[in-house]
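*Asks:* Taking the numbering used here, the leading residue of the sequence shown gets 22, the next gets one more, and so forth. Even glycine gets a Cβ: it sits at the ideal position worked out from N, Cα and C. Nothing here was measured: the structure is a model prediction, and the numbers come from that model. Below are the structure tokens for one structure; questions will follow.
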Amino acid sequence: MSNIYIMEAANLFVGDHDPQNSKFLTLEELKLPDLQETLVDHNPGGGKVAVEFGVGVEKLEPTFKLKGWDMPLLRSFGLGSTIRKNFTAYGVIRNKKNGKALEAKAIMEGRLSRVAPDAFTRGETMGHEYAINEVLHYELFFDGSEELYWDFFTNTLRLGGVDPDPDFNNILRISNGS
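Have a look at this one:
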């Protein structure tokens, strides 16, 4: 019988793990990046049916929404801060079969590239939606196990701790340590 895992709560740190960088009191929404394969169509001249081939993965774009105003975070926006930051998200995942709480963790290195304020409505708390772009490093852990690891500069990709195509970098003479 399979387990059911439900995310109950989340926290986001922007930068390091200094408690001043924790967003747990204002975090309203957190969306990890979509994992979307890049597909190209191929319609062979002599073939009867077209196909599509997977050739890579689309860019990663995590988003999050905070209630209220966060001026220190706003100062990290766009070209005013060209240095990428680490964004580390933690989630409490509940195993509904046995009641055990598990940790989900995502580490995303990127730049804060969009700040979209909510419309002000009297009697409601105005918030801001943020997007992280130029993501060049991403890690995802579930209950302490590495589920996904990707680094742009070393061209490293692991799923479940395993490189799904170990010959790729060797054939291209790409060292994972460069």
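Evaluate the contact criterion for the region 82-94 versus the region 140-154: three or more CB pairs, one atom per stretch, below 8 Å.
*Replies:* Judged by Cβ distances under 8 Å, the region 82-94 makes contact with the region 140-154, as three or more pairs qualify.
*Asks:* Which residues mark the beginning and the end of the alpha helix (DSSP H) in which L100 is found?
*Replies:* Segment: none, L100 is in no alpha helix (DSSP H) and carries neither H nor E.
*Asks:* Alpha carbon to alpha carbon, how far is D139 from E50?
*Replies:* Roughly 13 Å separates the two Cα atoms.
*Asks:* Taking the C-alpha atoms as reference points, what is the distance between R179 and F162?
*Replies:* One C-alpha to the other measures close to 12 Å.
*Asks:* Roughly how many whole angstroms lie between the Cα atoms of S166 and T177?
*Replies:* Going from the Cα of S166 to the Cα of T177 covers about 17 Å.
*Asks:* Is it right to say P187 is buried, meaning 16 or more other beta carbons lie within 10 angstroms of its own, or is it exposed?
*Replies:* By the 10 Å Cβ count, P187 comes out exposed.
*Asks:* For S199, count neighbouring Cβ atoms within 10 angstroms of its own Cβ and tell me buried if that reaches 16, exposed if not.
*Replies:* Low local confidence applies: a pLDDT of 49 at S199 is under 50, so the model's placement there is unreliable, and no value is given.
*Asks:* Report yes or no: do the region 77-91 and the region 38-54 share at least 3 C-beta pairs separated by less than 8 Å?
*Replies:* A contact exists between the region 77-91 and the region 38-54.
*Asks:* Would the beta-carbon of N24 fall within 8 Å of that of F34?
*Replies:* No.
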